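Structure, as structure tokens:
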Amino acid sequence: MLMKRLLRGLLVRALAMLDGSRGASDGQEELIVRLRSWGVTIGENCRIYTTDFSTEPYLVTLGDRVGISGGTKFLTHDGSVWLLRGKRPEVQTFGTIRVGDDVYIGENCLILPGTEIGARSIIGAGSVVRGRIPENSLVTGNPAKIVGRASLFLEMLRENGNTMDTLALDYPTRRALLRRHFGLPE
Amino acid sequence: MSDTGREPIADEAVFAIIAADLDLPRAKLSADSRFDRDLGLDSLDFIQLVMAVEQGLGVKLDDGEAAKTKTIADLIALAKRSPPDTGAGEAQP
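Chains as they are written, first to last, in the working numbering: chain A, 72 to 257; chain B, 10 to 102.
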């Protein structure tokens with residue numbers, strides 16, 4: 072069993088090297104290779120921080136430049152069908168999930184079977200999403216509702232005084248800058 | 010008709026929409042009211058307000074310009090120079 076895991080890990084790393092999406096150093100390449108090997112269809116330049124793609128990962132399709140935060144879960148079946156098994160012992164119910172290009176899904180969301188998220192949409196943290204979400208939607212809540220246009224939210228982020236170009240800074244520099252910015256003691 | 014191709018927008022129409030959306034008496038609102046400091050709106054509240062104004066007036070506000078508005082007067086001015094909303098495939102709350 073251990074040997075199998077080690078071999079699988081090596082295979083995943085080897086595939087990641089061939090994947091062509093080099094540059095990230097936080098395990099993204101390996102994770103995306105692993106998810107693709109499970110059957111998840113994943114476009115280019117995605118950043119994914121969850122492995123929770125249900126028992127039918129091959130029913131999930133992600134477009135290009137999709138960002139998915141930690142704790143988010145994709146559900147591709149409806150477990151309540153279990154209640155029908157008294158008369159139909161083998162019955163199961165499934166649904167696909169499709170996520171368009173340039174979509175961001177926040178922390179701890181639940182994406183239910185049959186969901187289709189349109190391109191350029193943003194799903195707020197903790198949302199429970201079902202049905203069809205039109206393009207450029209900002210969606211939050213349980214059940215998730217469309218609040219407005221994602222493009223307006225992005226423009227507001229641009230204008231937000233707490234939006235800064237800090238990604239390339241090393242940890243101590245960013246820490247000092249942020250504590251100063253928010254008026255916290257050095 | 011205004012040069013935007015629709016009926017002119019009255020300030021009071023915008024105030025009425027804002028008062029209804031925020032569930033505030035009209036008397037609590039003034040042209041100088043700031044969305045964040047005076048009315049306590051966060052970003053999601055503000056986006057919902059913009060959607061309410063667009064739907065109430067039948068206009069489409071530019072995202073970049075809407076994001077820069079700070080006061081009710083700013084929003085009224087933006088609504089007055091905005092084109093009618095054709096509703097072409099955009100997200101509606």
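No residue lacks a Cβ here, since even glycine has one placed at the ideal position from N, Cα and C. All of these numbers come straight from a predicted model, not from anything done at the bench.
From this set, the options, which residue's C-alpha is nearest residue i's C-alpha?
i, options, result
"residue 198/A", "170/A, 192/A and 176/A", "176/A"
"residue 125/A", "244/A, 144/A and 239/A", "144/A"
"residue 4/B", "84/B, 89/B, 88/B and 61/B", "The structure shown has nothing for residue 4/B, since chain B only spans 10 to 102."
"residue 193/A", "169/A, 168/A and 219/A", "219/A"
"residue 27/B", "46/B, 42/B and 91/B", "42/B"
"residue 132/A", "247/A, 107/A and 221/A", "107/A"
"residue 62/A", "163/A, 142/A, 236/A and 140/A", "Shown here, chain A extends from 72 to 257; a query on residue 62/A therefore has no answer."
"residue 120/A", "110/A, 142/A, 180/A and 105/A", "142/A"
"residue 46/B", "61/B, 67/B and 78/B", "78/B"
The alpha helix (DSSP H) that contains residue i, what's its start and end?
i, result
"residue 62/B", "52 to 66"
"residue 2/B", "Look at the range of chain B in this structure, 10 to 102, and you will see that residue 2/B is not part of it."
"residue 108/A", "99 to 109"
"residue 16/B", "First-last for residue 16/B: undefined, no H or E at that position."
"residue 205/A", "From DSSP, residue 205/A is part of no alpha helix (DSSP H); its letter is neither H nor E."
"residue 147/A", "Here residue 147/A belongs to no alpha helix (DSSP H), and DSSP marks it neither H nor E."
"residue 77/B", "72 to 77"
Counting C-beta neighbours from all protein chains within 10 Å, is the total for residue i 16 or more, i.e. buried, or is it exposed?
i, result
"residue 206/A", "buried"
"residue 95/B", "exposed"
"residue 238/A", "exposed"
"residue 244/A", "exposed"
"residue 208/A", "buried"
"residue 94/A", "Its pLDDT being 44, under 50, residue 94/A is placed unreliably in this model, and the value from its coordinates should be taken loosely. Under this definition residue 94/A is an exposed residue."
"residue 88/B", "buried"
"residue 173/A", "buried"
"residue 224/A", "buried"
"residue 98/A", "exposed"
"residue 221/A", "buried"
"residue 128/A", "buried"
"residue 227/A", "buried"
"residue 130/A", "buried"
Could you please give the first and the last residue of the uninterrupted beta strand (DSSP E) stretch that includes residue i?
i, result
"residue 216/A", "216 to 220"
"residue 132/A", "131 to 133"
"residue 208/A", "208 to 211"
"residue 170/A", "168 to 170"
Evaluate the contact criterion for the segment 112 to 119 of chain A versus the segment 151 to 161 of chain A: three or more CB pairs, one atom per stretch, below 8 Å. no
Does the segment 201 to 213 of chain A come close enough to the segment 172 to 190 of chain A that 3 or more CB-CB pairs lie under 8 Å? yes
Just checking, does the segment 67 to 74 of chain B make contact with the segment 209 to 217 of chain A on the three C-beta pairs under 8 Å criterion? no
Any residues in the segment 106 to 131 of chain A with a beta carbon nearer than 9 Å to a beta carbon of chain B? Which ones, in chain order? none
Three or more C-beta pairs under 8 Å: does that hold for the segment 56 to 70 of chain B against the segment 32 to 43 of chain B? no
Name, going along the chain, the residues of the segment 51 to 62 of chain B whose beta-carbon falls closer than 8 Å to a beta-carbon of chain A. 52, 53, 55, 56, 57, 59 and 60
What residues from the segment 212 to 242 of chain A come within 9 Å of chain B, judged by C-beta to C-beta, listed N to C? 216, 217, 218, 219, 220, 221, 222, 223, 224, 225, 226, 227, 228, 229, 230 and 231
For the segment 69 to 85 of chain B, which residues have a beta carbon sitting closer than 7 Å to at least one beta carbon of chain A? 72, 73, 75, 76 and 77
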